[in-house]
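Here's the structure we're looking at; comments come further down.
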Amino acid sequence: MSDAPESPYAARERKYNEEAERHAARSRTVSNLRGLSFAAFAICFVCLALGKAKNVSGPGCLLGLAAFIALVVEHGRVIRREDLARRFARVNRDALLRVTGRFSELAETGAAFADAAHPYCDDLDVFGPGSLFQRLSVAHTRMGQHKLAGFLRTRAAPSEIRERQVAVRELAPLLELRQRLEALALAVVDPGPRRREAPSPEPLLSWAESAPVLTRRPLVIWLARILPFFTVAGLIAWTSFGQPVWAFVVPALLARLLLAQAGSETARVFRAVSETQGAFLRYGTLLAEIESLQASAPLLKQAQARLRQSGRTPSVEMRRFERAVGYFELKHNGMIHPFVDTLLIWDVHCVLALEAWQASAGRHVREWLDVVGEVEALSSLAGLAHDEPSFAFPELASSMRFAARGLGHPLIDSARRVVNDVNLPEAGRALLVTGSNMSGKSTLLRSIGLASVLAFAGGPVCAESLTLSELDLITSMRISDSLSRGVSHFYAELKKLKAVVDAAESSAPVLFLLDEILHGTNSLERQLGARWVIGRLIARGAIGAVSTHDMGLCELSPDLMARVELVHFRESVQGDEMTFDYRMHEGPVQAGNALKLMRQIGLDVPLA
53 MSDAPESPYA ARERKYNEEA ERHAARSRTV SNLRGLSFAA FAICFVCLAL GKAKNVSGPG
113 CLLGLAAFIA LVVEHGRVIR REDLARRFAR VNRDALLRVT GRFSELAETG AAFADAAHPY
173 CDDLDVFGPG SLFQRLSVAH TRMGQHKLAG FLRTRAAPSE IRERQVAVRE LAPLLELRQR
233 LEALALAVVD PGPRRREAPS PEPLLSWAES APVLTRRPLV IWLARILPFF TVAGLIAWTS
293 FGQPVWAFVV PALLARLLLA QAGSETARVF RAVSETQGAF LRYGTLLAEI ESLQASAPLL
353 KQAQARLRQS GRTPSVEMRR FERAVGYFEL KHNGMIHPFV DTLLIWDVHC VLALEAWQAS
413 AGRHVREWLD VVGEVEALSS LAGLAHDEPS FAFPELASSM RFAARGLGHP LIDSARRVVN
473 DVNLPEAGRA LLVTGSNMSG KSTLLRSIGL ASVLAFAGGP VCAESLTLSE LDLITSMRIS
533 DSLSRGVSHF YAELKKLKAV VDAAESSAPV LFLLDEILHG TNSLERQLGA RWVIGRLIAR
593 GAIGAVSTHD MGLCELSPDL MARVELVHFR ESVQGDEMTF DYRMHEGPVQ AGNALKLMRQ
653 IGLDVPLA
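Take 53 as the starting number for the sequence shown in the numbering used here and just add one per residue.
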């Protein structure tokens, strides 16, 4: 979030906006010329039909038509270039918002992945407005967003974390490639002034993964191949050679009967491919980009290998699919389709062509889209590594620990971010964090948590260095009561604390973060309960941090004191002005600031 990347992104946004305007101007010119060429064709055609100036109108008609067709093709190219340039401009505008701390203005918040029951996501603002997901995500497809959410919600195995780190490091400097992937993904969701959700590919995937139906009916196949010869021959015999109309009607009726028999299947296939085929085909350019990536990272090479499982590359298979669907599009023409369908049994042949594609490529489509999602997720982490060169890739330790130097909160702008060292060197160790209101206790806990989330996702962390072991992260920080379910604030906190203790009772190593533990009860009960919880967690070998306002909680038993490090945050007061340095200091805090804050906002409470 430093200022350094701002200028390149701003310059790139201007460059692509200017490029889009040039294409828009060319588009208007080509559009006008297209209109003129069609007008010339129409005038020449009328003159030719009236028999006037045939030596001029004939060639003029051909030239006008040829020019019109060429300009239509060129106009399509120009429109696509303009659209791509505008998407590149959008990509750089979004990147600029990320690096200047305005990422909360971005459209993708990941709110759909928020889950209050998750062990840490709600407490750490992993999803939703102003979240880690919103800062990271350059994923626009459904698969990409789900894959990134999965990275952030679930701790990967150490080997997978290391593979992701290698891939993220390789992608980080490839700005042009990453932005091209993002721009092409934007084309899938077809953003406009009113952004639409990415269309679900599930109907198409369900059809692609199902077994072909018409292909398994040989009688239908052979009738579809033979009947068109009789229908066409009958039509020619009737219209050109004076044969009875039955020569055409009989095979035509048989054709309609065959189409009726296959009607339910052709309708099902048509719905499956036509509802999402536009978005699906736009994945083709994304897949082609991934196919051609010159990758050395094992994870990226594995992704490319997954694209070739059918024996053909997805880009080739997509062109086959596009041709087959293109033939089926005749179904939209209500005037021509019934006649062509009767004459050639068109719908059945289209379904057979699609089922041939389904048999060879259909079962691989979900894998292709999963690869797209994985590359989008890795690209999101790579973008963070590129934008924040001071962030470090963590090291994974075999023995239980969390040791960070220069640890900060990744969602706080670098100009305001204050960093601290945190060291939990072995199992059964904890920080007990005391301090004034607004002094930074909760921010420290969230910094520890988000560093763990990013580390276990395979990304860089907001620290000079971080060494940590495999840990199950679980938190109790943000408590939500529910009047509708009869759950009080204190009882809701007890349920979250029980989940933390239960996690520590399991065999998996746990990193716990508890903010203002048991603040919903009286001081004596809070101290007794909190000491038991901390003691239980430490006894089970968990590591973590606990924040509290209650100074009595610092009076721990000698055996606990040997395992707990007391630290605090403080404020400075000069006159009526209170400031915070957000630095972590050794030992317990000496005084609170609640009364000072009350007086500062106009509540004239006595200080003693």
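Just so it is clear, CB atoms sit at the ideal spot from N, CA and C, and this is done for glycine as well.
If I measure Cβ to Cβ from residue i and keep anything under 7 Å in the same chain, skipping five residues before and after, which residues do I get?
{"i": "serine 536", "result": "Residue placement at serine 536 is flagged as unreliable, the pLDDT there being 41, under the threshold of 50; the coordinate-derived value follows with that caveat. So the list is empty, once near-sequence residues are dropped."}
{"i": "arginine 232", "result": "Glu341"}
{"i": "glycine 112", "result": "Ala92, Cys96"}
{"i": "leucine 85", "result": "Leu123"}
{"i": "leucine 223", "result": "Arg230, Leu430, Ser431, Ala434"}
{"i": "alanine 141", "result": "Glu65, Tyr68, Asn69, Ala72"}
{"i": "leucine 100", "result": "Lys106, Ser109, Gly110, Cys113"}
{"i": "leucine 227", "result": "His438"}
Comparing alpha-carbon positions, which option in the options lies nearest residue i?
{"i": "phenylalanine 542", "options": "Ser558, Glu568, Ile95", "result": "Glu568"}
{"i": "tryptophan 409", "options": "Leu421, Arg371, Leu565, Gly435", "result": "Arg371"}
{"i": "aspartate 633", "options": "Pro640, Ala77, Arg622, Asp135", "result": "Arg622"}
{"i": "phenylalanine 373", "options": "Leu345, Val400, Glu407", "result": "Glu407"}
{"i": "tryptophan 298", "options": "Phe443, Thr283, Gln186, Glu638", "result": "Thr283"}
{"i": "valine 325", "options": "Phe391, Val301, Ala405, Gly511", "result": "Ala405"}
{"i": "valine 427", "options": "His637, Leu359, Phe322", "result": "Leu359"}
{"i": "arginine 323", "options": "Arg277, Ala260, Leu339", "result": "Ala260"}
{"i": "alanine 94", "options": "Thr81, Ser83, Ser109, Gly103", "result": "Ser109"}
{"i": "alanine 437", "options": "Ala101, Phe140, Ala219", "result": "Ala219"}
{"i": "valine 553", "options": "Ala591, Leu520, Thr318", "result": "Ala591"}
{"i": "arginine 221", "options": "Ile278, Ala91, Phe300, Asp439", "result": "Asp439"}
{"i": "leucine 305", "options": "Leu275, Glu160, Pro264, Ala449", "result": "Leu275"}
{"i": "phenylalanine 380", "options": "Glu134, Gly501, Ala319, Gly604", "result": "Ala319"}
{"i": "glycine 587", "options": "Asp602, Pro610, His601, Gly286", "result": "Pro610"}
{"i": "methionine 490", "options": "Thr600, Pro181, Phe300", "result": "Thr600"}
{"i": "valine 302", "options": "Ala285, Glu317, Ala235", "result": "Ala285"}
Taking the straight line between their C-alpha atoms, what separation do you get for residue i and residue j?
{"i": "aspartate 473", "j": "cysteine 514", "result": "12 Å"}
{"i": "serine 488", "j": "threonine 495", "result": "13 Å"}
{"i": "serine 348", "j": "leucine 518", "result": "26 Å"}
{"i": "isoleucine 464", "j": "glycine 153", "result": "7 Å"}
{"i": "phenylalanine 165", "j": "serine 528", "result": "19 Å"}
{"i": "glutamate 212", "j": "glutamate 65", "result": "35 Å"}
{"i": "serine 79", "j": "lysine 493", "result": "57 Å"}
{"i": "leucine 566", "j": "glutamate 254", "result": "40 Å"}
{"i": "glycine 87", "j": "phenylalanine 120", "result": "8 Å"}
{"i": "proline 390", "j": "alanine 76", "result": "40 Å"}
{"i": "arginine 74", "j": "alanine 91", "result": "26 Å"}
{"i": "leucine 184", "j": "cysteine 402", "result": "46 Å"}
{"i": "alanine 50", "j": "arginine 139", "result": "No statement about residue 50 is possible, as the shown extent of the chain runs from 53 to 660 and does not include it."}
{"i": "valine 82", "j": "serine 292", "result": "45 Å"}
{"i": "alanine 551", "j": "aspartate 175", "result": "14 Å"}
{"i": "glycine 581", "j": "glutamate 607", "result": "13 Å"}
{"i": "glutamate 70", "j": "alanine 411", "result": "46 Å"}
{"i": "serine 559", "j": "tyrosine 172", "result": "19 Å"}
{"i": "valine 98", "j": "alanine 118", "result": "17 Å"}
{"i": "glycine 363", "j": "leucine 352", "result": "19 Å"}
{"i": "aspartate 177", "j": "alanine 163", "result": "10 Å"}
{"i": "alanine 482", "j": "histidine 637", "result": "15 Å"}
{"i": "phenylalanine 443", "j": "phenylalanine 508", "result": "15 Å"}
Tell me whether the beta-carbon of residue i lies closer than 7 Å to the beta-carbon of residue j.
{"i": "arginine 468", "j": "glycine 460", "result": "no"}
{"i": "leucine 525", "j": "serine 504", "result": "yes"}
{"i": "arginine 615", "j": "glycine 480", "result": "yes"}
{"i": "glutamine 217", "j": "glycine 458", "result": "no"}
{"i": "leucine 661", "j": "glutamine 186", "result": "The structure shown does not extend to residue 661, since the chain spans only 53 to 660, so no value can be given for it."}
{"i": "alanine 314", "j": "threonine 394", "result": "no"}
{"i": "histidine 192", "j": "valine 151", "result": "no"}
{"i": "proline 441", "j": "leucine 520", "result": "no"}
{"i": "alanine 594", "j": "phenylalanine 564", "result": "yes"}
{"i": "valine 585", "j": "leucine 549", "result": "yes"}
{"i": "alanine 72", "j": "alanine 137", "result": "yes"}
{"i": "valine 598", "j": "leucine 484", "result": "yes"}
{"i": "leucine 605", "j": "glutamine 579", "result": "yes"}
{"i": "glycine 596", "j": "leucine 618", "result": "no"}
Looking only at its chain, what residues have a beta carbon closer than 6 Å to the beta carbon of residue i, apart from the 5 residues adjacent to it on each side?
{"i": "proline 561", "result": "Met452, Leu523"}
{"i": "proline 243", "result": "Legend: pLDDT at proline 243 = 47, less than 50; position of this residue unreliable, no value from coordinates given."}
{"i": "alanine 63", "result": "none"}
Taking only heavy atoms of the ligand MG into account, decide whether any of them is closer than 6 Å to the Cβ of residue i.
{"i": "leucine 565", "result": "Of ligands this structure carries none, so the ligand MG is not represented either."}
By Cβ distance below 8 Å, which residues in the same chain neighbour residue i in space, the five residues on each side in sequence not counted?
{"i": "serine 450", "result": "Ser521"}
Touch test, the stretch 196-216 against the stretch 422-439, Cβ-Cβ under 8 Å, three pairs minimum: Verdict: yes, contact present.
Segment contact flag, the stretch 119-131 with the stretch 141-161, C-beta cutoff 8 Å, min 3 pairs: No: fewer than three Cβ pairs fall under 8 Å.
At least 3 beta-carbon pairs within less than 8 Å: the stretch 397-404 vs the stretch 339-348: Short answer: they don't touch.
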